[in-house]
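Visitor:
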Amino acid sequence: MTRYLFGVLAFVTAASLTVTAQAPTYRAPRTPDGQPDLQGFWTNATYTPLERPQNVTKEFYTPAEAEAAIKLAIAREAAQTEPGTTADVHYDFSQFGLDRSQSKFTRSLRTSLIVDPPNGRIPPTTAEGKRRIAEREAEAKRLGGRWDSAESNQLDDRCLIMAGAGPPMMDAAYNSNYQIVQAPGYVMILTEMIHDVRVIPLDGRPQPPSTVRQWMGVSRGRWDGETLVVETTNFNGKNPFRGSTDRLRVTERFTRVADDTIRYTFTVDDEAMWTRPWTGEVPIVKTNGPIFEHACHEGNYGLYNTLVGARLEEKRAADEAAKKGSK
Amino acid sequence: MRNRCLTTGNVVAAASAGLLLLATLAAAQAPAYRAPRAPDGKPNLNGIWQAMNTAHWDIEAHSSAPSPARELGAAGAVPAGLGVVEGGSIPYTPEALAKRNENRANRLKLDPEVKCYLPGVPRATYMPYPFQIIQSQKHVMMVHEYAGALRTIYMTEQTEAPADSWMGWSNGRWEGETLVVDTKGFNDLSWFDRAGNFHSDALHVVERFTARSPDTLNYEVTIEDPKVFTRPWKMSMPLYRRVEPNAQIMELRCVEFVEDLLYGHLRKQPK
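Protein chains in written order, with my numbering: chain A, 88 to 414; chain B, 165 to 435.
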């Protein structure tokens, strides 16, 4: 395993790190109807954190520093569970090929995905944002402990929606894979996790009324030269991205800068939560298809079993208490 | 009672004759239409489509019936339908027919749709929700509103199903005006409708999508499953384009709608 990881690390090539320099001369192939062709299977799996680590003050690592940071992150990921424990059998990501290092992941010299603000950190929360966070915490408390009901559990454990779907599309810890298919007037982006899919119209139609709210919002796209620009609003606010609310507006820009790379930038604007908009950037890289069916809810034995287990634990505790009481 | 049975028989016979006539007419008309071409020269089937029939209730001919959920009253009534199965009824083996009837009797408990499970094929096509065809050279995608169900139809890099799944593994080809989709690799968990019609993991579905006018498709399906049926059988129906200028596939993320139904009995009880 260790040797394999070093093999992956050796794959940090000059080519993948100089994508930005190539960008101006590269022109994407065209689909039959003339759109820049973004089609294929892609991944945004990355070890680059969204926010710049507190002890890092620069925007870019040197190649050697980037390699060291990735190595450290891989080791940390592998050390998530203790070998030989029950948790390790179930969650040993390296054993089951789920950790990022065992499949294609994207590399950059950036110390954070956030490129603006320049400090690489999410901007301060507004007063309303603080109030909304408090409201959410109160609501979570009202729903009870995590194992009290399906509704009080986490969205991903409920197979409702996962982190990578977005928008913005983010590394999802594993299976951070996407498929893009284009037809005249439309771009379709499929997220592997829970087969979440956006069919984005390019005909300039307006957003629906604000009474229409969706988990992934409503996306509208347009071509700006070589770049696909997608604006998304009408979120239901129930799947906060780093705290975002139903007033979130996400602007994504997809530019194919090499045969195997799409430069993806996302701007997150939510007046209710942050004092200013903020922007991140990640190179999305080609990966191998196909994408298999991710029938999460249909096979969600985990949620069922944890709820059954929690009720059994309560019964056992109650029985023991009753026994003690009767003595 | 005897009279009622006779009447029902007559209605079914008349309906079958009507269906036959319709089918003959449709077959005679079909070849006349040539679809507009997609930019790559293939028939352009891009669009948002929807069935307009009661096959999602029961693919066989059926009378109207009260709602399976009493509280919905007439709002949940089952509308009658003349059926979409060629020849009228599905050629079940006797054991399979018994299972279908058992499914039907317990459909509120057993129907995968009630649980927000993926619909399978061909059920996805004629549920009462739209789906969108996104047609490219390598892949034709079918994105369904219900449960965000999705199909990838491989047009070039075709392989066997790597594992069983709800929506199966689809390989497609163009036969003149027709998109032919061959799907195998199903699990045995999905149904054909809300009436308990079902299949096994030996299911093999061949679908034929053919434009019959600018805004309608002919949809023909051949079903093969030797574990459940005595012979292959067919269903067919038109699909209609959603022509509203703002038509789009909306989110029907139904998981949260069924959590209380599926897990409510496991909720922590107040002390």
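Every residue, glycine too, gets a C-beta built ideally from N, C-alpha and C. Note that the coordinates shown come from a computational prediction; the quantities given were computed from them, not determined experimentally.
What are the residues that DSSP puts in a beta bridge with A375 (chain B)?
Guide: The partner list for A375 (chain B) (beta bridge, DSSP) reads B:L381.
Visitor: Check whether chain B comes within 9 Å of I209 (chain A), counting only Cβ atoms and requiring the distance to be less than that.
Guide: No, I209 (chain A) does not count as interfacial toward chain B.
Visitor: What are the boundary residues of the alpha helix (DSSP H) that includes G127 (chain A)?
Guide: Here G127 (chain A) belongs to no alpha helix (DSSP H); instead the beta strand (DSSP E) covers 127-130.
Visitor: Can you name the residues of chain B whose CB is closer than 7 Å to the CB of D244 (chain A)?
Guide: Ordered by position in chain B, no residue passes the 7 Å Cβ test against D244 (chain A), which lies about 11 Å from the chain.
Visitor: With 16 as the cutoff for other CB atoms within 10 Å, does E341 (chain B) come out buried or exposed?
Guide: E341 (chain B) should be labelled buried.
Visitor: Taking just the CA atoms, how far does V202 (chain A) sit from A252 (chain A)?
Guide: C-alpha separation (whole angstroms): 21 Å.
Visitor: Measure the CB-CB distance between G205 (chain B) and L274 (chain B) and report whether it falls below 9 Å.
Guide: Their beta carbons are not under 9 Å apart, which means G205 (chain B) does not touch L274 (chain B) by this criterion.
Visitor: What did DSSP end up calling I317 (chain B) once you bin it into helix, strand or coil?
Guide: Strand at I317 (chain B).
Visitor: Residues in the segment 206-224 of chain B with C-beta within 7 Å of chain A's C-beta atoms, listed in sequence order?
Guide: Answer in chain order: N210.
Visitor: Looking at the strands, I want to know which residues DSSP matches up with A229 (chain B).
Guide: Looking at the DSSP assignment, A229 (chain B) forms a beta bridge with B:V242.
Visitor: Please name the residue in B:V370, B:N217, B:M399 whose C-alpha comes closest to that of G135 (chain B).
Guide: Limits of chain B in this structure are 165 at one end and 435 at the other, which puts residue 135 (chain B) out of reach.
Visitor: Could you give the first and the last residue of the continuous beta strand (DSSP E) run that contains Y273 (chain A)?
Guide: It spans 273-278 - the beta strand (DSSP E) in which Y273 (chain A) sits, taken as one unbroken run.
Visitor: In whole angstroms, what is the alpha-carbon distance linking F362 (chain B) and L353 (chain B)?
Guide: Approximately 8 Å between the Cα atoms of the pair.
Visitor: Give the secondary structure of E368 (chain A) by DSSP, where H, G and I count as helix, E and B as strand, and everything else as coil.
Guide: In the structure shown, E368 (chain A) sits in a strand (DSSP, three-state: E or B).
Visitor: Express the C-alpha separation of E259 (chain B) and N265 (chain B) in angstroms, rounding to a whole number.
Guide: Going from the Cα of N265 (chain B) to the Cα of E259 (chain B) covers about 10 Å.
Visitor: Find out if the Cβ-Cβ distance for the pair L247 (chain A), E321 (chain B) is shorter than 9 Å.
Guide: No, the pair does not count as a contact, with Cβ atoms beyond the cut-off.
Visitor: Within a Cβ cutoff of 6 Å, which residues of the same chain sit near N270 (chain B), ignoring the five residues on either side of it in sequence?
Guide: Correct list: empty, nothing qualifies.
Visitor: Are the C-beta atoms of V369 (chain B) and some chain A residue less than 9 Å apart?
Guide: No, because no Cβ of chain A sits closer than 9 Å to the Cβ of V369 (chain B).
Visitor: Which term fits E339 (chain A), buried or exposed, when burial requires 16 or more other beta carbons within 10 angstroms of its beta carbon?
Guide: The residue in question, E339 (chain A), is buried, as its Cβ has 16 or more Cβ neighbours within 10 Å.
Visitor: Which whole-angstrom value describes the C-beta separation of L425 (chain B) and P402 (chain B), a residue pair presumed to lie in contact below a C-beta threshold of 8 Å?
Guide: Actually they do not touch by this definition, with Cβ atoms about 34 Å apart.
Visitor: Is it buried or exposed, F322 (chain A), if we count other Cβ atoms within 10 angstroms and call 16 or more buried?
Guide: Buried: at least 16 other Cβ atoms inside 10 Å.
Visitor: For R268 (chain B), I'd like the list of residues in its chain whose CB is within less than 7 Å of its CB, leaving aside the five on either flank, ordered along the chain.
Guide: Here the set comprises A359, G360.
Visitor: Kindly indicate which three-state DSSP category S188 (chain A) falls into: helix, strand or coil?
Guide: Of the three classes helix, strand and coil, the one that applies to S188 (chain A) here is helix, per DSSP.
Visitor: How big is the Cα-Cα spacing for S239 (chain A) and A227 (chain A)?
Guide: Rounded to whole angstroms, S239 (chain A) to A227 (chain A) spans 7 Å at the Cα level.
Visitor: Taking only the alpha-carbon atoms, compute the straight-line gap between Y113 (chain A) and D346 (chain A) and give it to the nearest angstrom.
Guide: Spanning the two alpha carbons is a distance of roughly 9 Å.
Visitor: Is there contact here, the segment 126-133 of chain A with the segment 191-199 of chain A, by at least three beta-carbon pairs under 8 Å?
Guide: Yes, the segment 126-133 of chain A touches the segment 191-199 of chain A.
Visitor: I need the straight-line Cα distance from A397 (chain A) to D120 (chain A), nearest angstrom please.
Guide: Their Cα atoms are separated by approximately 56 Å.
Visitor: With distance defined between alpha-carbon atoms, name the residue in A:S188, A:E146, A:V268 nearest to A162 (chain A).
Guide: If we check each option's Cα against that of A162 (chain A), A:S188 comes out closest.
Visitor: Could you tell me which residues DSSP puts in a beta bridge with V286 (chain A)?
Guide: According to DSSP, which records beta bridges pairwise, V286 (chain A) is partnered with A:M275.
Visitor: Quick one: does F147 (chain A) have its CB under 9 Å from some CB of chain B?
Guide: So no, F147 (chain A) is outside the interface.
Visitor: Taking 6 Å as the limit between beta carbons, can you name the residues of its chain near S306 (chain A), skipping five residues before and five after?
Guide: Excluding positions up to five away in sequence, the list reads R285, I287, V317, T319.
Visitor: Mind checking if Y351 (chain A) is an interface residue toward chain B, Cβ cutoff 9 Å exclusive?
Guide: Chain B contact via Cβ: absent.
Visitor: What residues in the segment 267-284 of chain A have a beta carbon less than 7 Å from any beta carbon of chain B?
Guide: Those would be V268, Q269, A270, P271, Y273, M275, L277, H282, D283, V284, in chain order.
Visitor: Considering only residues of the same chain and omitting the five flanking positions on each side of F356 (chain B), which have a CB-CB separation below 6 Å?
Guide: I223, R287.
Visitor: Residues in its own chain within less than 8 Å of M414 (chain B) by CB, not counting five upstream and five downstream?
Guide: E309.
Visitor: Going by DSSP, which residues form a beta bridge with L416 (chain B)?
Guide: The partner list for L416 (chain B) (beta bridge, DSSP) reads B:Y310.
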